[in-house]
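Visitor: Below is a structure I'd like to ask you about.
Protein chains: 2
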Amino acid sequence: MVNKFAIHVSLSDLDRAAVQGLPHSVRYFESGSYIARDGDLTDHCTVLLSGFAFRHKITGQGLRQILSILIPGDIINLQQLYLDAADHNVQTLTPCKIATIPQVALRTMASDRTAIADALIASTMVDASIYREWMVNIGRRDARTRLAHLLCEFAARLDVQGIAPGQPYELPMTQEQLGDAIGLTTVHVNRTLRGLIKDGLVFQNKRGITFPEWEIFMVEADFNSRYLHLRERGTPPGYSF
Amino acid sequence: MVNKFAIHVSLSDLDRAAVQGLPHSVRYFESGSYIARDGDLTDHCTVLLSGFAFRHKITGQGLRQILSILIPGDIINLQQLYLDAADHNVQTLTPCKIATIPQVALRTMASDRTAIADALIASTMVDASIYREWMVNIGRRDARTRLAHLLCEFAARLDVQGIAPGQPYELPMTQEQLGDAIGLTTVHVNRTLRGLIKDGLVFQNKRGITFPEWEIFMVEADFNSRYLHLRERGTPPGYSF
DNA sequence: CGTTATCTTGACCGTCGTCAAACAGGGTGG
DNA sequence: CCACCCTGTTTGACGACGGTCAAGATAACG
Numbered sequence: 003m004v005n006k007f008a009i010h011v012s013l014s015d016l017d018r019a020a021v022q023g024l025p026h027s028v029r030y031f032e033s034g035s036y037i038a039r040d041g042d043l044t045d046h047c048t049v050l051l052s053g054f055a056f057r058h059k060i061t062g063q064g065l066r067q068i069l070s071i072l073i074p075g076d077i078i079n080l081q082q083l084y085l086d087a088a089d090h091n092v093q094t095l096t097p098c099k100i101a102t103i104p105q106v107a108l109r110t111m112a113s114d115r116t117a118i119a120d121a122l123i124a125s126t127m128v129d130a131s132i133y134r135e136w137m138v139n140i141g142r143r144d145a146r147t148r149l150a151h152l153l154c155e156f157a158a159r160l161d162v163q164g165i166a167p168g169q170p171y172e173l174p175m176t177q178e179q180l181g182d183a184i185g186l187t188t189v190h191v192n193r194t195l196r197g198l199i200k201d202g203l204v205f206q207n208k209r210g211i212t213f214p215e216w217e218i219f220m221v222e223a224d225f226n227s228r229y230l231h232l233r234e235r236g237t238p239p240g241y242s243f
Numbered sequence: 003m004v005n006k007f008a009i010h011v012s013l014s015d016l017d018r019a020a021v022q023g024l025p026h027s028v029r030y031f032e033s034g035s036y037i038a039r040d041g042d043l044t045d046h047c048t049v050l051l052s053g054f055a056f057r058h059k060i061t062g063q064g065l066r067q068i069l070s071i072l073i074p075g076d077i078i079n080l081q082q083l084y085l086d087a088a089d090h091n092v093q094t095l096t097p098c099k100i101a102t103i104p105q106v107a108l109r110t111m112a113s114d115r116t117a118i119a120d121a122l123i124a125s126t127m128v129d130a131s132i133y134r135e136w137m138v139n140i141g142r143r144d145a146r147t148r149l150a151h152l153l154c155e156f157a158a159r160l161d162v163q164g165i166a167p168g169q170p171y172e173l174p175m176t177q178e179q180l181g182d183a184i185g186l187t188t189v190h191v192n193r194t195l196r197g198l199i200k201d202g203l204v205f206q207n208k209r210g211i212t213f214p215e216w217e218i219f220m221v222e223a224d225f226n227s228r229y230l231h232l233r234e235r236g237t238p239p240g241y242s243f
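Residue numbers (my numbering), protein chains in the order written: chain F, 3 to 243; chain V, 3 to 243.
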């Protein structure tokens with residue numbers, strides 16, 4: 003369970019056992035609560051076991067920018083073990099289950115086992131790559147493409163967990179949160195989403211959200227999953243987006 | 003010289019010697035040339051020794067988004083050693099001097115010396131933090147604040163290299179490039195910059211760019227240097243922005 | 001000194017933001 | 001079971017920030 007976070011990172015042999023043997027405690031957070039706050043200092047590393055969360059920052063004018071969406075298996079605050087205080091907030095979108103690991107345990111494991119250290123670095127670098135793509139999205143794409151791109155990213159990332167990219171998934175974000183993620187207002191997100199639905203590219207019901215024309219939708223979204231680095235170095239791509 | 007990149011990252015003892023002893027070759031690039039391209043595979047790590055460069059990506063519509071500015075001491079493509087192909091381009095802004103280090107040398111050093119591995123991770127995390135702040139800047143601040151923020155970041159980062167934040171520095175970017183960095187058009191960057199100059203917040207001449215009212219300017223820019231993580235964990239701040 | 005890149009300015013336009021109100025759904029309590 | 005909220009969605013009218021197009025002015029460069 004704790005080892006989830008190493009799966010999509012690097013092929014580790016049976017030092018998976020070491021990860022699974024890490025001392026940790028589990029905590030539960032309800033929807034909307036803060037897991038970490040801007041300015042926090044900590045000596046624990048936390049991993050998201052189930053549920054969804056997001057990173058965000060508030061500007062001097064009180065505007066919020068969502069920086070990334072965390073899905074099960076993601077490491078929440080590795081950064082604070084290597085730098086000083088947290089520079090952003092982490093808040094839950096849904097009820098979440100979180101594992102907390104003491105810093106020392108993780109660090110000694112990292113220095114003992116090169117493969118683990120590599121996995122941590124690789125994971126951090128994938129995060130950075132996603133940040134870069136978001137910058138492109140926010141800075142240089144129009145509202146429609148921007149929203150579509152975000153929805154594609156969801157589908158692609160959730161797909162790794164076994165859900166096919168065309169399949170419905172539950173989107174645990176309000177339109178206000180979607181707007182804060184892509185630099186738009188709630189109102190404009192609504193209009194844009196309505197437009198995508200009207201054009202038959204997005205289908206929505208209680209079960210979740212679906213993309214009837216996945217191939218066309220990806221083009222519309224200017225989406226190419228390469229930046230997610232879903233495959234290992236040298237691993238042949240299984241399903242190509 | 004090669005060790006520059008470890009200075010602002012983590013206090014390493016005399017394994018600085020190890021860094022300085024790394025096998026490397028030096029290459030020179032002229033202004034505007036590509037150091038790395040989207041899709042590149044490589045087994046070398048490169049470090050920027052002198053000059054300025056920038057990371058960027060092109061959208062499907064041909065629009066460019068600049069992702070970060072590289073200053074001397076920055077590692078250019080650590081990522082490609084841990085992931086697969088490059089997901090963005092790196093291009094020079096000025097003539098540049100680049101050190102190239104074989105992957106194996108760096109990796110063995112990282113696994114032998116924990117402090118170095120930590121420094122690499124910390125450096126990657128600072129990059130990620132800067133990406134996050136840029137997202138906030140591009141997504142949630144108006145043109146004037148956005149431009150001012152970028153200029154503040156320059157001043158703060160160059161300050162580490164000994165230039166005081168109020169001091170003039172040479173801005174090696176065209177207005178088109180500034181626009182691509184903050185998600186604006188050339189024309190609007192021009193108007194916005196003119197506005198800042200007219201209001202006495204920015205002063206420009208052949209020597210470079212200066213901020214006569216640094217304190218006021220930082221407020222106007224909604225700038226707080228914390229996200230740059232310029233100080234070590236536990237190190238008291240020397241000059242507070 | 002001519003050629004090209006970059007900067008600057010004006011007029012006009014459109015995407016997206018603002019303000020406001022109505023509507024739907026889900027939970028709570030009387 | 002039905003008022004009553006509260007949160008989130010939806011829609012309209014209007015305005016503004018920033019984009020587009022185009023031209024001229026400067027500066028950089030061979």
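C-beta: ideal position from N, C-alpha, C; glycine also.
Between methionine 137 of chain V and chain F, is any beta-carbon pair separated by less than 9 Å?
Guide: Taking 9 Å as the threshold, the shortest C-beta distance from methionine 137 of chain V to chain F falls below it.
Visitor: Please work out which residues of its chain come closer than 7 Å, Cβ to Cβ, to alanine 145 of chain F, disregarding the five sequence neighbours upstream and downstream, and give them in chain order.
Guide: Leu186, His190 and Thr194
Visitor: Among residues of its own chain, excluding the 5 on either side of leucine 160 of chain V, which ones have a beta-carbon nearer than 6 Å to its beta-carbon?
Guide: Tyr171
Visitor: Does any CB atom of chain V fall closer than 9 Å to the CB of tyrosine 229 of chain F?
Guide: yes
Visitor: Are the C-beta of isoleucine 77 of chain V and some C-beta of chain F separated by less than 9 Å?
Guide: no
Visitor: Compare the Cα-Cα distances from glutamate 217 of chain V to each of V:Gly62, V:Ile77, V:Ala157 and V:Ile103 and report the closest residue.
Guide: V:Ala157
Visitor: Ordered along the chain, which non-local residues of its own chain (more than five positions away) have a Cβ less than 6 Å from that of leucine 180 of chain F?
Guide: Val191
Visitor: Quickly, what does DSSP pair glycine 101 of chain V with across the bridge? List them, please.
Guide: Glycine is not the amino acid found at residue 101 of chain V; the sequence shown has alanine there. Answer by DSSP bridge pairing, in chain order: V:Val28 and V:Val49.
Visitor: Does the beta carbon of threonine 147 of chain F fall short of 8 Å from some heavy atom of the ligand ATP?
Guide: Absent from the structure shown: the ligand ATP. Ligands present: none.
Visitor: Using beta-carbon positions only, say whether alanine 150 of chain F and valine 92 of chain F come within less than 9 Å of one another.
Guide: no
Visitor: Comparing C-alpha positions only, which one of F:Tyr229, F:Ala117, F:Leu152 and F:Asp182 sits nearest to isoleucine 211 of chain F?
Guide: F:Leu152
Visitor: For alanine 19 of chain V, count neighbouring Cβ atoms within 10 angstroms of its own Cβ and tell me buried if that reaches 16, exposed if not.
Guide: That one is exposed.
Visitor: Apart from the five residues on each side of it in sequence, which residues of its chain come closer than 7 Å, Cβ to Cβ, to aspartate 224 of chain V?
Guide: Arg143, Thr147 and His151
Visitor: Our contact map puts alanine 55 of chain F next to leucine 95 of chain F with C-beta atoms below 8 Å; I'd like the distance itself, whole angstroms only.
Guide: 6 Å
Visitor: For a contact defined as C-beta to C-beta under 7 Å, what are the partners of methionine 127 of chain F on chain V?
Guide: Gln81, Tyr84, Leu85 and Thr126
Visitor: Check each candidate in V:Asn207, V:Ala112 and V:Ile132 and name the one with the smallest Cα separation from cysteine 47 of chain V.
Guide: V:Ala112
Visitor: Verify the CB distance criterion: does arginine 66 of chain V have a CB-CB separation below 9 Å to chain F?
Guide: yes
Visitor: Determine which residues of the stretch 31-46 of chain F have a Cβ less than 7 Å from any Cβ of chain V, and write them out in chain order.
Guide: If the cut-off is 7 Å between Cβ atoms, the stretch 31-46 of chain F has nothing near chain V.
Visitor: Could you give the distance in angstroms between the alpha-carbon of lysine 200 of chain F and the alpha-carbon of glutamate 178 of chain F?
Guide: 20 Å
Visitor: By Cβ distance below 8 Å, which residues in the same chain neighbour proline 174 of chain F in space, the five residues on each side in sequence not counted?
Guide: Phe54, Leu95 and Thr96
Visitor: For serine 52 of chain V, which residues of its own chain have a beta-carbon under 6 Å away from its beta-carbon, when the five flanking residues on both sides are left out?
Guide: Pro74 and Lys99
Visitor: Which residues, in chain order, does the stretch 85-107 of chain V contribute to contact with chain F at a C-beta distance below 9 Å?
Guide: Leu85, Asp86, Ala87, Asp89 and His90
Visitor: Determine, using beta carbons only, whether arginine 248 of chain F comes closer than 9 Å to chain V.
Guide: Residue 248 of chain F falls outside the range modelled here, since chain F spans only 3 to 243, and no answer is possible.
Visitor: With distances taken from CA atoms, which of F:Ser27, F:Leu72 and F:Gln81 is nearest aspartate 40 of chain F?
Guide: F:Gln81
Visitor: Given that threonine 48 of chain F touches chain V, what residues does it touch there, using C-beta distances under 9 Å?
Guide: The contacting residues do not exist; threonine 48 of chain F stays about 15 Å from chain V at best.
Visitor: Between glutamine 63 of chain V and chain F, is any beta-carbon pair separated by less than 9 Å?
Guide: yes
Visitor: Is the beta carbon of leucine 108 of chain V sitting closer than 9 Å to the one on leucine 24 of chain V?
Guide: yes
Visitor: So, using beta-carbon positions, are histidine 231 of chain V and methionine 127 of chain V closer together than 9 Å?
Guide: yes
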